[in-house]
Amino acid sequence: MTKTIIGTMSGTSMDGIDAAVLISDGEAVFEPGATRFRPYSRDERQMIRSAVEACKGPEGRNAPAVLIAEAMITDAHAETIRALMGEAGLKATDVGLVGFHGQTLFHAPHQATTVQIGDGAALARDLGIPVAYDFRSADVAAGGEGAPLVPVFHKAILEKASAPLPAAILNIGGVANITILTANALLAFDTGPGSALIDDWMKSRTSKSFDEWGRIAGEGRVNEIIVGAWLDHAYFDRAAPKSLDRNAFDVIAIDRASLADGAATLTALSARAMARAVKDHAVRTLFVAGGGAHNRTMMRMLKEASGLEPQPMERLALDGDFLEAQAFAYLAARVEKGLPISFPGTTGVKAAMTGGRIARP
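My numbering applies: residue -17 is where the sequence shown begins, and numbers increase by one.
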C-alpha cells in the first residue's frame, strides 16, 4: 500500500533542511512530489557547531548546548514540513508518515556510537503525523557502520532505470557516498570527503559559505604532493563497506595556500577519492546527486580521473538536490513495514537489519 510521505534531511554541510514529498510503499513503488529547502541562519549554524563540540565532552548527548540545538532542529523541521505541505496543498490527514533523519553531531561506529539530534516524538505531536526517526543506532549497535542508509532507495532507482551494470549513484554532500549495483550484489560506502572541507575553507577565508559552481577551485592550482599525502590516509585502505566522519581529515597542510589553490586542492581530493571508488568497482554508469554535483570543477576532475561522464539525476526525472530527503521518506515506509534498511554490503552489518522507530501523535 502506497502512502504520501514527507522525508527530510539535514546533512553534515549544515546548510539547511531538505524536505521532499514521496508517494511510496517502501519497495518498488515511488513517485516524487514537491520539495522545499529551508536554509539555516548563521546563528543556527553556530548553534549546531557548538552542539558538535559539546557532544564530544563529558556530558555528551545530554550537554546543554546539544539539548538547545535539538529543540531548534525539531522546530525548524516542523516549520519546513508545514511550509512544504502548504505549497503542495496537503493537510496533515493527507500525509501518512514523516521520515525525520535529524542532524548528525558525532559518528564513530568503531566506538559503537552515532548521535543524531531531533526529537521525533515532539515532532509527531507538533505535526499530528506519525514520524519515523532514529534510523542509524540499531545498525551501529549491531556492529554496522550506520551509514550509508540511502542505498536501498538508490537500488530501487537504478532497477527502475534499467541502467547498464555495474551502475552507481554518487551522492555528494558534506561527505560523498556511493551505491554500486551489480547483477548480484549491492555495495555502498563513503568514498571520502565531499563538499564539507571545501565549504569550511571558503567560510574561513571569505564571506561565502561554498564555492559556487567550483569557480574559485577552477582558478587555482592543485598541490599534487598534498593530495597524494591525503590519499594515503588509512581510510582509503579499508575495505568497503565503510563510513567516514566529516572531521576525519586534517587540512592544516594548506593553511598557507591562496584561496584558489586551497579550493582546487580540496576539490581534487574529493574528486579523486570518488574516482578511485568508481574505478575499483568497474562502474559503467554513473549518476551524481547532492550539492557537489553542481560543482563544475569537481565534475571535470571526476571525469578526468575516472574516465566516466557523471550524469545528473535529472536524466532519471529526479531532483538530485533532494534525493536524500526522498530516500528518508522511502526508508520511513520501510521502517513502518518492518523491512530492512541496512545490509551487509552497505553498512557491514552481519545480516539485513531493520531499524528506526515510529513516534505517533
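Here a beta-carbon is modelled for each residue, glycine too, at the ideal position from N, C-alpha and C.
Sequence-distant Cβ neighbours of P146 in its own chain, meaning closer than 7 Å and more than five residues away, are R266, T267. DSSP places Q28 in the uninterrupted alpha helix (DSSP H) bounded by 24 to 37.
Here the C-alpha atom of A299 lies approximately 25 Å from the C-alpha atom of A167. Only residues of its own chain outside the window of five on either side were considered, and among them N153, I154, G155 have a CB closer than 6 Å to the CB of G272, listed in chain order. Between the alpha carbons of V3 and S119 lies a distance of about 25 Å. In this structure the segment 61 to 70 touches the segment -6 to 1; the number of beta carbon pairs closer than 8 Å is three or more. Ranked by Cα distance from A315, the options D76, A16, P112 are led by P112. Using a Cβ distance threshold of 9 Å, I198 and L251 do not count as a contacting pair. For the pair of segments examined, the segment 122 to 135 was found to touch the segment 318 to 331: the number of CB pairs separated by less than 8 Å reaches three.
A114 is bridged by DSSP to G81, I340. Cβ-Cβ separation between V233 and L213: approximately 14 Å, too far for a contact (criterion under 8 Å). Within the segment 130 to 202, the beta strand (DSSP E) runs of at least 3 residues that lie entirely inside it are, in chain order, 149 to 154, 157 to 163, 168 to 175. Of A104, A103, G102, T86, the smallest CA-CA separation from T96 is found for T86. According to the DSSP assignment, L241 belongs to the alpha helix (DSSP H) that extends over 241 to 262. A direct Cα-Cα distance of roughly 8 Å separates D57 from L105.
Distances from the alpha-carbon of G174 to those of I207, I139, A143, D219 put D219 closest. A direct Cα-Cα distance of roughly 35 Å separates L49 from G244. The beta carbon of E13 sits closer than 6 Å to the beta carbons of I5 from its chain, once the five residues preceding and following it are set aside; these are given in chain order. Taking a 10 Å sphere around the C-beta of P91, we find 16 or more other C-beta atoms and assign the residue as buried.
With fewer than 16 other Cβ atoms inside 10 Å of its own Cβ, M(-17) counts as exposed. Around the CB of S186, fewer than 16 other CB atoms lie within 10 Å, so the residue is classed as exposed. S(-5) sits buried, since 16 or more C-beta atoms from the chains shown fall within 10 Å of its C-beta.
With a cutoff of 9 Å on beta-carbon distance, Y115 and H89 are scored as not near each other.
Between the C-alpha atoms of T(-10) and A170 there is a straight-line separation of about 21 Å. For H89, the three-state secondary structure derived from DSSP is strand.
Shown here, V11 sits in coil according to DSSP, grouped into three states, outside any helix or strand.
The residue among L290, M281, G81 with its C-alpha nearest the C-alpha of G200 is M281. Per the coordinates, the alpha-carbon of A74 lies some 11 Å from the alpha-carbon of I(-12). Looking at the DSSP output, I99 bridges to Q85. For the pair A230 and V204, the CB atoms are not nearer than the 9 Å cut-off.
Spanning the alpha carbons of A16 and G68 requires a straight line of approximately 10 Å. Nearest to G78 by C-alpha distance, out of V331, M335, A311, T328, is A311. In the structure shown, the three-state DSSP call for S288 is helix. Counting of Cβ neighbours within 10 angstroms places Q28 among the exposed residues, the total staying below 16. If you compare the alpha carbons of L109, P130, R107 with that of F117, the shortest gap goes to P130. Your pair E127 and T279 does not check out as a contact, with CB atoms roughly 30 Å apart and the cut at 8 Å.
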